[in-house]
Amino acid sequence: MTADTAIAHPSLTQTPAAQRQHTLAMILWECGVSAVLAFIGFIPRIMLASQLDMVTDERTYIMAGKFYVPLLAHLNLTADGWNYNYEHPAFVKLLIGISLFINSHTGQRLSELFAARLPLVIAGTFLVLAVYWLGRGPFGHVVAFFAALCLAVSPWMAYFSAIAYLDMTMVTLITIAYLLLWPALRRPRLYLLAGVFAGVAIASKYPAYLVLPGMVLFIAYYVMAIRPRLPVEQRSPLPWRYWGAGTVLMGVSFFLADPSIWRQPASLLIRSLRFNLHHAKYGHLMFLAGQSSDYAQHWAIIYILFVKISAFITLPALFFIVFGLLRLVRFHMRKPDVTFPGARLWHAASSRSQAQITPTQPLESEAHLADIASTAFLLIWLLTSLCTFSLLTIVVGTHYALPLVPPLVIAGVLGLVTMLGYRRGMLRASGEALSAGKGSRSHALWDERGTSGDEQGSLRNEQGKSSDEQGTLRDRRVKPGMGLQLRALIPLALIAIALFVPPVVGLTTIYAADGYTSEFFRGEDAIVQVQYPAYREASLWLIAHTHSTGRVGMIAVIGSLQPDMYGQSWFRYNPDVNGRLHFSEVTPDSHKLPYDYLIWPMNIVQRGYAIPAAWRTHIVHTINAGGTTYCFILARDPTSITT
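Residue 6 is where the sequence shown starts when you use the working numbering, and the numbers rise one by one after that.
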């Protein structure tokens, strides 16, 4: 081991006691970072879960959870209760039911709606941690941290983590499944775990299967394009057994996580899929890009992403896509392990170093191959998901695009990192340089190369490097001083501002978070379908601004608010609104509106049910936030409204 290797990797020269101390410090550091990310992600989600009104589909999933848990507890697999909401798999509804069961058996300390939302709050928070924990290997600590931070404060992600919908659990599980493919390259047993997570993700909501082509494509790419370029002694046998076992486990975990199909797996699964195919064939009324339609265009998913994610993410992500594709093309245009007379000049220019490379030295290193593989890993995830999700013919709400958010955010962070000149390892190098200047062997806690299996392999091979390669390490080091520290911290500060400030402003200034749109747009009214109806907020406003009795018509799709045959309704979760004013559900196509007041949600208007001409001059108030109108409040006699 040379002096340069010892400087680059101080842990190689530490005593066992010092190594244990360093390991403990690293563990404490990672726990601290994880705790901060979890706190930042949990707070907006739990606050929204406690304040948001019931959203239409929530009552369906809550009722399903109430059915499923007792039936599963008694292993009653033939009861008709399993047919309730059979069109969606059961896993998330079971989680909702379990949360309700625990709440009811611990003194009903939480409201039923809040208890039903807790599993989704936890799932949304865990997504933040998963992106950080599993993203460090392929993308580095800095990129993983900023990507997780961006997901934590995203108003869009926070909103759908705070309501009892199926999507956030699906997104979390399928994201974990894909990210597990990276460490599985070195530890093939993790393919089994990836299969389990993928199966449970599909058992959360069927569209998770649209990520599977990307998973298969990356494995194929690595085997055919990256693996042959590795030294022969580093090529482990192809893990056919683990691939096969992972595929089987995916099917088994899907089956176990969906008890609603246990009694007749084939026929009940086909029935559920047939419903979704029928739904896709005949369409569903939706609103997108200023027009209502029964079918979504192929560009719908991309459009939604540009609307709901900050431009400081989407534009750098576009840059990364172009940059990454060009990089891969350049990589594959040259043959592996070949040399040419100008190799020294080419390598010196591309690495921006003064490395002394002999004409016979291979152009590719394990670290370079790992870097190329990580670029392909993200591009395949993002681009294949864009292609498969663009095939959806119905996109009823913006939540259909949620599975693309993690790869898009990571791509955006990588794009920013590249544009601002931050290179992976720069912060670590700053810590090492400053430590070296003080005569210390310790190095920065934020070691970006401490977790990946590929990087650990490079570390093990460090002792075998040629003197020329060690010279490269020596030349890449910068003299210790404040210049190197600022060179690392300035781009990080700019990245933090770009990623953190816009969504936090949205979270803190836009009520209910659903009205958030990117810098390209001003509100959702004419852009995408507004999800949040704000019936409760409008009802409370009417109660506060009227003093006489009256009838209030709440415009909604038939059966959305009124009690169903099981007693589930909007009024169950809002018992305090009925009193002096009497509230009732009204369908938007009703010809007679014998009400004193109307609450007309924007999403009803967007679907083609405009406010009747006779009422348009009777709008007395709107519930809005961030340029988005959630609903209109109309009064037959505007003078009955008090200020």
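Note that beta-carbon positions come from the ideal geometry of N, C-alpha and C, so glycine has one too. Bear in mind that the values here come from a model prediction, so they are computed numbers and not experimental data.
Supposed contact pair residue j and residue i - C-beta distance, whole angstroms, cut 8 Å
i    : j    : result
E524 : P507 : 7 Å
I2   : V414 : With the chain represented from 6 up to 648, any question about residue 2 goes unanswered, as that position is not in the structure.
L254 : G204 : 7 Å
S209 : P94  : 7 Å
Y635 : I628 : 4 Å
T215 : T393 : At residue 215 the sequence reads Leu, which differs from the Thr that was named. Their Cβ separation, rounded to whole angstroms, is 4 Å, which keeps L215 and T393 in contact under 8 Å.
I101 : G70  : 4 Å
V400 : A301 : 4 Å
L1   : I231 : Outside the modelled stretch of the chain, which goes from 6 to 648, sits residue 1, for which no answer is possible.
V533 : I309 : 6 Å
S390 : G219 : 6 Å
G86  : F72  : 4 Å
L374 : R234 : 6 Å
Bridge partner(s) assigned by DSSP for residue i
i    : result
P606 : C636
M570 : M570 pairs with nothing; no bridge assigned.
Q56  : DSSP lists no partner for Q56.
A630 : T633
I32  : For I32, which the question treats as bridged, DSSP gives no partner whatsoever.
L293 : Q296, V533
I624 : L639
Own chain, CB closer than 6 Å to residue i, minus 5 neighbours either side, in chain order
i    : result
R541 : D58, N579
H303 : S395
R527 : G632
E590 : M559, A561, L566, Q567
F325 : A416, L419, G420
A84  : L76
Top-ranked residue by Cα proximity to residue i, from the options
i    : options                : result
N90  : Y405, T28, P599, Y170  : Y170
Q269 : A167, G417, N88        : N88
G251 : L217, T554, E590       : L217
G565 : L547, T592, V582, W546 : Per the sequence presented here, residue 565 reads as Ser, with Gly not at that position. With distances taken between Cα atoms, S565 lies closest to T592.
G129 : H587, F44, Y73         : F44
T554 : L184, G584, T644, L186 : G584
V418 : A503, L290, R194, N108 : A503
T648 : V625, G256, L197       : V625
L118 : M559, Q24, V97, I67    : I67
L497 : V509, R194, I532, G426 : G426
F165 : D530, P408, R25        : P408
N239 : W620, E371, Y614       : The sequence given here has Gln at residue 239, not Asn. Comparing Cα-Cα distances from Q239 to each of W620, E371, Y614, the minimum goes to E371.
K98  : D62, T111, Q113, N81   : D62
A54  : A121, S109, W546       : A121
S574 : V60, A22, Q113         : V60
G140 : A406, F382, R428       : F382
L243 : V257, G256, Y227, F150 : Y227
L388 : A322, R234, F336       : A322
G613 : A619, I515, H289       : H289
R492 : R428, W34, G402, F576  : R428
I500 : Y287, A549, F150       : F150
Close Cβ partners of residue i (< 8 Å) along its chain, the five nearest in sequence each way excluded
i    : result
R332 : I377, T380
G458 : With a pLDDT of 40 at G458, under the threshold of 50, the predicted position of this residue should be treated as unreliable, though the coordinate-derived value follows. Correct list, in chain order: G142, P188, L190, R191, R192.
P411 : L132, V136, A152, L156, V176, T180
F328 : G420, T423
S116 : Y578
D642 : D601
L330 : L384
F96  : T174, V205, A208, S209, A262, D263
Minimum Cβ-Cβ distance from residue i to chain D less than 7 Å
i    : result
V418 : Among the chains of the structure shown, chain D does not appear; only one protein chain is present.
Neighbourhood of residue i by C-beta, 7 Å cutoff - its chain only, sequence neighbours within 5 removed
i    : result
L512 : P49, V158, P160, A163, A518
I51  : V126
A206 : M175, L178, I179, A182, A213
L282 : none
S298 : M291
W605 : I560, I616, C636, F637, L639
E529 : G520, T522, V535, T633
W248 : Y196
H623 : L639, A640, R641, P643
A630 : I515, Y516, A517, G520
V312 : T522, S523, F526, I532, V533
May I have a chain-ordered list of the alpha helix (DSSP H) segments no shorter than 4 residues that lie completely inside the region 297-321?
-> 305-313
Kindly provide the ranges of any alpha helix (DSSP H) runs that are 4 or more residues long and lie completely inside the region 369-400, ordered along the chain.
-> Those alpha helix (DSSP H) runs which fall completely within the region 369-400 and span 4+ residues are 371-394.
Taking only runs that begin and end inside the region 89-147, name each unbroken alpha helix (DSSP H) of 4 or more residues, in chain order.
-> 96-109, 117-144
Return the chain-ordered ranges of every alpha helix (DSSP H) run that is complete within the region 513-595 and spans a minimum of 4 residues.
-> 540-550
Residue ranges of each alpha helix (DSSP H) within the region 182-236, 4 or longer = Listed in chain order, they are 186-189, 195-207, 217-226.
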